[in-house]
Amino acid sequence: MANNFCPNCGETVIREDAAICYNCGGRLRENETSQNYQSQNYQPQNNQSQNYQSQNNQSQNYQSQNNQYRNNNYNNQNHYNEAMRTQRAAADPKSPFLAVILSFFWTGLGQLYNGKFLKGILFQIGIIIGFIFLIIPGIIVWIVGLWDAYNDSEKMNRGEIPVANPTFWEIMGFIFFWPLIIICLIFMFMFLMIPFALV
1 MANNFCPNCG ETVIREDAAI CYNCGGRLRE NETSQNYQSQ NYQPQNNQSQ NYQSQNNQSQ
61 NYQSQNNQYR NNNYNNQNHY NEAMRTQRAA ADPKSPFLAV ILSFFWTGLG QLYNGKFLKG
121 ILFQIGIIIG FIFLIIPGII VWIVGLWDAY NDSEKMNRGE IPVANPTFWE IMGFIFFWPL
181 IIICLIFMFM FLMIPFALV
């Protein structure tokens, strides 16, 4: 081999007898292969079967080496992904117990703790609707909110989903969500009572 770098991607080639680049899968001995092919064309007719067999063996060797390099790259990528998940989880671990406690006293607050602002708002809307119409749907939404907060915290600690933290404006929006709902309900009630007041 003339150099220690792949002519296709520039990756450093460690093995001198390597025929395939482990990074891109390109052939490292393109010129040598073409020269061998040209010299084989000039050989007598009785050697064609031997040439075909040697070319077939060579292509099988290329394929097996290529598959081996791809498998190594796949395993390396899996180890890298696992390390990144562990690093993400260890950087800012979440407490599933705290998430459940927050959701127990204030529906959706556990989701906010996990950085899921919109999901927390949806749980608040769901529990309002559930308690307005019937008590049981509201309790079901509350229990699902507890489980969801715990489950998201566990997934973040395992590195299955990215660790997220609420922003300042999300916290403010979450705090003032209930007062805004109460003000809207008061205005709706006053608007509905206007016809009765005019009678």
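Taking our numbering, the leading residue of the sequence shown gets 1, the next gets one more, and so forth. A virtual CB, placed ideally from N, CA and C, is assigned to each residue, including glycine.
Exposed is the label assigned to cysteine 9, since fewer than 16 other Cβ atoms lie within 10 Å of its Cβ. Rounded to whole angstroms, the separation of the alpha carbons of tryptophan 142 and serine 103 is 8 Å. Judged by DSSP secondary structure, aspartate 152 falls within the alpha helix (DSSP H) whose first and last residues are 135-158. Nearest to tryptophan 178 by C-alpha distance, out of Ile127, Phe133, Cys21, Pro96, is Ile127.
Classified as buried, phenylalanine 174 has 16 or more neighbouring CB atoms from the shown chains inside 10 Å of its CB. In this structure the stretch 149-168 does not touch the stretch 127-140; the number of beta carbon pairs closer than 8 Å is below three. Nearest in C-alpha terms to lysine 155, of all of Lys94, Tyr113, Gly108, is Lys94. For the pair glutamine 68 and glutamate 16, the Cα-to-Cα distance works out to about 17 Å. For isoleucine 171, the closest alpha carbon among the candidates Ser153, Phe189, Trp147, Ile121 is that of Ile121.
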